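What follows is a short report on a single structure.
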Amino acid sequence: MLSRPNSIREIKQIPVVPYATVREDLQTGDLVFCSGRYWISKWIRYFSKSMFSHVGIIYKDEYLDRVLILEAEIIYGVRLAPLSKYLKDYHGNHRPYRGYMLLARLNTPISQNELKQVISFGLDELTRPYDNWEIFRILLRVMFKVGKKERNRSYICSELVASAFKKANIKFKVNNTYISPDEVARFPGLQFIKRIL
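Using the numbering used here, read the sequence shown as starting at 1461 and increasing by one per residue.
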């Protein structure tokens, strides 16, 4: 287990564990935190004052022997994607995700039934659009301290994670009017376990 890193420098110091060695230990409900080196990732980190630019939920399908990430992604909206795609063929460009990826696990009690509700909620939201306007509205709220969160059926990544885990009565702290990946990462019942990229 790792302590929560507080900077990109600390993330860089965590040794990368090969995905093949950690794959079997992953559990449905684990979280994937990303700190990308893409312009949009840097922008998200800067304005949210976070070291993470993305978060998703692990869904391990035992029947198919697949490890998937349930996420709200800027291009595709809410989707399920093989975690292995991040590591070798991100966005179909035959290269891994450019950035850092850490795995975390909730160490708060969560029943199998509650976990099913978390994943079922996410699956019910598949194909919902990414909330591009929410990113703009967050920028306005951060810069000018105006506006409020509008509830709609579009998501940014951390909203999807927070909404899904709310089904299991796990509530992440909301930073005034929005929730960023960093608010999810600061949840007291969360333990970072490995860095895979």
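Ideal Cβ positions, reconstructed from N, Cα and C, are used throughout, including at glycine.
In this text, all values refer to a predicted model and were calculated from it rather than measured experimentally.
{"Asked": "N-terminal and C-terminal residue of the beta strand (DSSP E) that L1528 is part of", "Found": "R1526 to E1533"}
{"Asked": "From S1508, K1509 and I1529, residue whose alpha carbon lies closest to that of Q1487", "Found": "I1529"}
{"Asked": "Own chain partners of D1521 with C-beta closer than 7 Å, once the 5 adjacent residues on each side are dropped", "Found": "L1528"}
{"Asked": "Pair within 9 Å by beta-carbon distance, V1492 and S1618", "Found": "no"}
{"Asked": "Run of the beta strand (DSSP E) containing F1493, from where it starts to where it stops", "Found": "L1491 to G1496"}
{"Asked": "Residues near F1512 by beta carbon distance below 6 Å, same chain, minus five either side", "Found": "F1493, S1495, P1641, D1642 and A1645"}
{"Asked": "Identity of the residues DSSP links to P1542 by a beta bridge", "Found": "L1528"}
{"Asked": "Backbone CA spacing between F1647 and F1632 [nearest angstrom]", "Found": "6 Å"}
{"Asked": "Start and end residues, beta strand (DSSP E) containing D1521", "Found": "H1514 to D1521"}
{"Asked": "Option nearest S1510 by Cα separation, candidates E1484, I1471, A1480 and R1483", "Found": "I1471"}
{"Asked": "Strand pairing of L1566, partner residues [DSSP]", "Found": "L1650"}
{"Asked": "Residue(s) in a DSSP beta bridge with M1561", "Found": "C1494"}
{"Asked": "Buried or exposed by the 16-neighbour rule on C-beta atoms within 10 Å, applied to M1461", "Found": "exposed"}
{"Asked": "Coarse secondary structure for R1505, derived from DSSP in three states", "Found": "helix"}
{"Asked": "Which of helix, strand or coil DSSP assigns to Y1536", "Found": "coil"}
{"Asked": "Under the three-state DSSP convention, the category L1462 falls into", "Found": "strand"}
{"Asked": "Nearest-angstrom beta carbon gap, Q1651 and N1567 [assumed within contact, 8 Å]", "Found": "5 Å"}
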